[in-house]
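Add 182 to a position in the sequence shown, counting from 1, and you land on the number used in the working numbering.
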Amino acid sequence: MPKFYEPDIREGTEKYFIEGENYRHISRSLRMKTGDNLTLTDGKGKDFEAEILTINESCVEVNILKCQSGETEASVRLHLYQGVPKSDKMELIIQKFTELGGYSITPTKTDFTVSDISGKEDKKVARWQKIALEGAMQSKRSFIPIIKSPEKFKDAIQNAPGAKLLLYEGGGIPIKELIKGCEDISVFVGPEGGFSEKEVNFAKEKGARIVTLGKRILRTETAPLAAAAIIMYETGNME
């Protein structure tokens, strides 16, 4: 069943009018008809099963049949603090992290960050949020991951919720040993140059645990996805 993001829909709604891009996709691309069913989501975890009543020149009117919590969301809130990488790697990370069930992504400025997005932060975040939305709709999620404003590493490590896991090529504890019973898990991944020794020590002081993904060195765009897949598997969210 097709699924569409409609942020204005609310629980208790009986009739709803779909306009704009979703209207065009339903009426022109999919050529849906009166009586067809579709799903709307508010992007915050609620799904609305609906039946098309009418399709006119500017909108689609639907009857809301039922509202329920989305069944595609993970039982843990997984937060990624990603050292801003070069080129368009961040877009790939956001897309795939969203598909894997991630909750939020914070671009993080580290000692070894080369990519400078100063003066372009608002534009970048808007672009990245759009990619998260597209990834969520492709994977039929009910929650749109939050792309936060960039933070400095020291601020991020102190503000991160739940278990704080820092991926480090210098070795550490396997992820599966640190996530049992966690509701929030914050994963820190360095940019192309990884984390500095000063950052690793600071993270330890603030309660972060240093974790490993094995003996191989993974690229900055590979490491967060490997970590997310491990966490989702170990918490039963890939069954």
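Just so it is clear, CB atoms sit at the ideal spot from N, CA and C, and this is done for glycine as well.
Asked                                                                                                                                                      : Found
Going by DSSP in three states, R323 sits in which element: helix, strand or coil?                                                                          : coil
For G317, is the classification buried or exposed, using 16 other Cβ atoms within 10 angstroms of its Cβ as the cut-off for buried?                        : buried
Rounded to a whole number of angstroms, what is the C-alpha to C-alpha distance between T394 and F370?                                                     : 12 Å
For R391, list the residues DSSP reports as bridge partners.                                                                                               : L347
May I ask you to verify whether the segment 248-265 touches the segment 286-296, counting CB pairs closer than 8 Å and requiring at least 3?               : yes
Ends of the beta strand (DSSP E) at G265?                                                                                                                  : 259-265
Do L347 and S368 have their C-beta atoms closer together than 8 Å?                                                                                         : yes
Between D366 and G344, how many whole angstroms is the CB-CB distance? I'm expecting something under 8 Å.                                                  : 3 Å
Report back the beta-carbon spacing between I276 and I313 to the nearest angstrom; my notes put them in contact at under 8 Å.                              : 5 Å
Take the Cβ of K358 as the centre, count every other Cβ of all protein chains shown within 10 Å, and call the residue buried at 16 or more, exposed below. : exposed
DSSP beta-bridge partners for D218?                                                                                                                        : Paired residues: none, contrary to the question.
Check whether the segment 395-404 and the segment 236-252 touch, using three or more Cβ-Cβ pairs below 8 Å as the test.                                    : no
Considering N245, what are the terminal residues of the beta strand (DSSP E) in which it resides?                                                          : 242-251
What span of residues does the alpha helix (DSSP H) with T289 cover, start to end?                                                                         : Sequence inspection shows Pro at residue 289; the Thr mentioned does not correspond to that position. Where P289 is concerned, there is no enclosing alpha helix (DSSP H), although the beta strand (DSSP E) it sits in stretches over 286-291.
At the level of alpha carbons, what is the spacing between E233 and E273?                                                                                  : 34 Å
On the CB-based measure, 16 or more other CB atoms within 10 Å of its CB, does V244 come out buried or exposed?                                            : buried
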